[in-house]
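Student: Sharing a structure here in structure tokens format.
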Amino acid sequence: MADTLREQAPPLLAPFYYRDNFQRLCDTVESRYQDLLSAAERDVLRRWRGLPLPAQCLYVRLVSRVGPWFRDDKLAYPELGDIGAALAALDAAGLLLRTADPGWPELERLFTLAEWRRAFAAELNTAPGQGKAELLAAAAALDWSPARYADCLLASTGGALVAPAELEVVELLQLLFFGNRRQGLTDFVLSDLGIANYYPYALDREQRLFSCREAVAEYQGWSQLADDYWILREAEDSEGLRALADLLLVSPLQYDTSAQRYWKLCNRLARELERQGELPLAGELYARSELHPARERLARVLEAAGDWAAARDQCQLILAGPWCEEEYEAAARILPRVCRRLGESVPARRRDTFTTLQLQLPRSDEAVELAVAHYLAPHWQAVHYVENSLMNSLFGLAFWEQIFAPVPGAFHHAFQSAPADMYQQGFRTRREEMLARRLAQLRNGPLLPELLAACRRYRGYDCRWVDWRLLDETLLWQLLCCIPAPQLLAVWERMLFDPGENRRGFPDLIALGEREGDYCLIEVKGPGDQLQDSQRRWLRFFADQGIPAQVARVVWCDD
DNA sequence: ACCAAACACGCAGCA
DNA sequence: TAGTAATATG
DNA sequence: TGCTGCGTGTTTCATATTACT
Ligand SMILES: [Mn+2]
Ligand SMILES: [Mn+2]
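So the first sequence is residues 83 to 641, counted in our numbering.
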């Protein structure tokens, strides 16, 4: 009864919203990158704009769906009226492809098991219990010409095969709009629905991500090779992987825009080659990469190859100018090993000693972190299982304005939850002054009102750092009551030093008391779990700063 | 920050 | 027929 | 014991429909 009386909520999205989204994307790219588009590509846009509304809509539907081929008889869009007419309009504008032979894999996908059965009832003995894979194998064994299969199926089901033309142009437009390959038209929808809620930062319309068409082509080239890499790895084609490495080694890197992609691919491929024992080739790839962990892996490759002297030199190169703390520590671990091999003496590395709490707890179903939290609960006001999310969220609140500051090149489009350079060294250097001012401001005033204000002002907006499910004003009040401001500031400064590296490794639990200084960060270690390097680094830092932290080592008492 | 990832846990093999 | 994976959708 | 590599689980918008086993 209540259900029938409840008013229908108005639809969140306008009719044909997807056409409008596509048009927004096209307009933006065309005005921003007109000189990077060829005459043929601009003509595709012109032709799409000239279509009647239902045909425009259908084109957007088709390029958004898994294809490339579709059966026209299965296109069901009642709101578009006569689908045949829309297809004819697309055809006339050169935006539709038709085929009598889409290739075997597409046929497998386009027709259901029942349709295959019916179409091949005469040619094959099709038992009802037979699965699709078996039936397809039996059909393939007929060894017909490729087109004959399609003829047979279509003769049985009716309909024809169609595909949207100029898919590559659509992909190009999306790449130019977003600057990456993972975002697309769905991001418009999620934003309109409020599922994603992006902060209204100032967009940078001056700085273009791609300076020229060659830069775009280079980016697309590395993307293609990355795709090839996954296919080759999936197929366990070691010959192909070696060929890919050779190709990568003779391809020069010319544009900064795609450097990260190139280096990432070098690192990934090299790591796979390492596993296959191709050490020299892996080493060459690592030498091409300027992205961690390339230099560390090269040191390990040299060590594994028995080239102790080169491995030692590589470690010393890293130690003299590390890219990050992780790299420095790796080099500091490898160096003594190779020096021993060379008969050289090295000073022993000091071992970490962290305050440790030994616990015997009854085995239970819940996670060991929660078991410890429950064990500790009676002794504290509150114990929260937060890992990285708490300190990261506080960091986001404290530096929200700096994170979303309109720095050149930071925000290319309206669907970002962090600036483009968030995890690069340049993040800090490009915002040196405003970060210094913000730190001074936070040092001079009480923190709680600042954080409460930020929490209220920005609540709900997407930020890579902030988990709004965790934060509420009570928690902030409790936290700021217990954690002395200088200690929070020290943590934030370390996070600012390397936001990419220092966003992880925070302890599992935070236990809160009632007075300033009355709190503890606790890393839980179950049987068999070791402290990770990132966790060690934070624990060392906490010890240096006098921030209360402990490692809780749990053993199960079975009886 | 590319659900082709990032993160943390948990184990095995090796000195 | 229930459980699953993939797909399309807003 | 420390170091290393490798495999695992968790987490991604939420919901309806379709196809398959
Ligand atoms: Mn943890
Ligand atoms: Mn832990």
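Cβ coordinates follow ideal geometry from the N, Cα and C atoms, glycine included.
Pick out the complete alpha helix (DSSP H) segments inside the stretch 133-161, 4 residues or longer, and give them in chain order.
Tutor: Qualifying alpha helix (DSSP H) stretches, in chain order: 135-146.
Student: Could you tell me the distance, in whole angstroms, from the CA atom of G213 to the CA atom of A203?
Tutor: Cα to Cα, G213 sits roughly 15 Å from A203.
Student: Let me have the residue list for ligand 2: C-beta closer than 5 Å to any non-hydrogen atom, ordered along the chain.
Tutor: After applying the 5 Å Cβ criterion, the set is D590 and V606.
Student: At a cut-off of 6 Å, is E448 close to ligand 1 when judged by its beta-carbon and the heavy atoms of the ligand?
Tutor: No, the beta carbon of E448 sits no closer than 6 Å to any heavy atom of ligand 1.
Student: Got a sec, what are the start and stop residues for the beta strand (DSSP E) A634 sits in?
Tutor: Looking at the DSSP string, the run of the beta strand (DSSP E) that includes A634 is A631 to W638.
Student: Quick check on Y467: does DSSP put it in helix, strand or coil?
Tutor: Strand.
Student: Under 7 Å between the Cβ atoms of L351 and L367?
Tutor: Contact flag set, yes.
Student: Does DSSP classify R519 as helix, strand or coil?
Tutor: Helix at R519.
Student: Could you check the C-alpha separation between A449 and A455 for me, to the nearest Å?
Tutor: Going from the Cα of A449 to the Cα of A455 covers about 10 Å.
Student: Short check: CB of P136 to CB of L95, under 7 Å?
Tutor: For P136 and L95, no; Cβs fall outside 7 Å.
Student: Closer than 8 Å by C-beta to S471: which residues in its own chain qualify, once you throw out the five before and the five after it? Chain order, please.
Tutor: Counting only Cβ-Cβ distances below 8 Å, and skipping sequence neighbours, we find D549 and L552.
Student: How many Å lie between Q463 and F477 at the Cα?
Tutor: Cα-Cα distance, rounded: 23 Å.
Student: Can you name the residues that DSSP bridges to K607?
Tutor: Per DSSP, R635.
Student: On the DSSP bridge assignment, give the partners of I592 in chain order.
Tutor: Per DSSP, H466 and L603.
Student: Can you tell me which of the three DSSP states Y283 falls into?
Tutor: The answer is coil: DSSP assigns Y283 none of H, G, I, E or B.
Student: Please state whether DSSP places T437 in a helix, a strand or coil.
Tutor: Of the three classes helix, strand and coil, the one that applies to T437 here is coil, per DSSP.
Student: In its own chain, which residues sit with a C-beta less than 7 Å from the C-beta of Y601, not counting the 5 before and 5 after it?
Tutor: Once the five neighbours on either side are set aside, the close Cβ partners of Y601 are C564, I565, I592, A593, L594, G595 and P630.
Student: Is there at least one non-hydrogen atom of ligand 1 closer than 6 Å to the beta-carbon of E469?
Tutor: E469: yes, Cβ under 6 Å from ligand 1.
Student: Out of V637, P93 and A567, which has the shortest C-alpha to C-alpha gap to R445?
Tutor: R445 has its Cα closest to that of V637, out of V637, P93 and A567.
Student: Return the residue from the list A496, L189, Y283 and R287 that minimises the CA-CA distance to T239.
Tutor: Here the closest residue by C-alpha is L189.
Student: So what's V246 in DSSP terms, helix, strand or just coil?
Tutor: Note on residue identity: the sequence assigns Pro, not Val, to residue 246. Strand, per DSSP.
Student: Comparing C-alpha positions only, which one of L258, A402, V244 and V468 sits nearest to A647?
Tutor: This structure leaves residue 647 out entirely; the chain is present only between 83 and 641.
Student: Checking 7 Å against the spacing of the C-beta atoms, do E451 and D626 come in under that value?
Tutor: No, the Cβ-Cβ distance between E451 and D626 is not below 7 Å.
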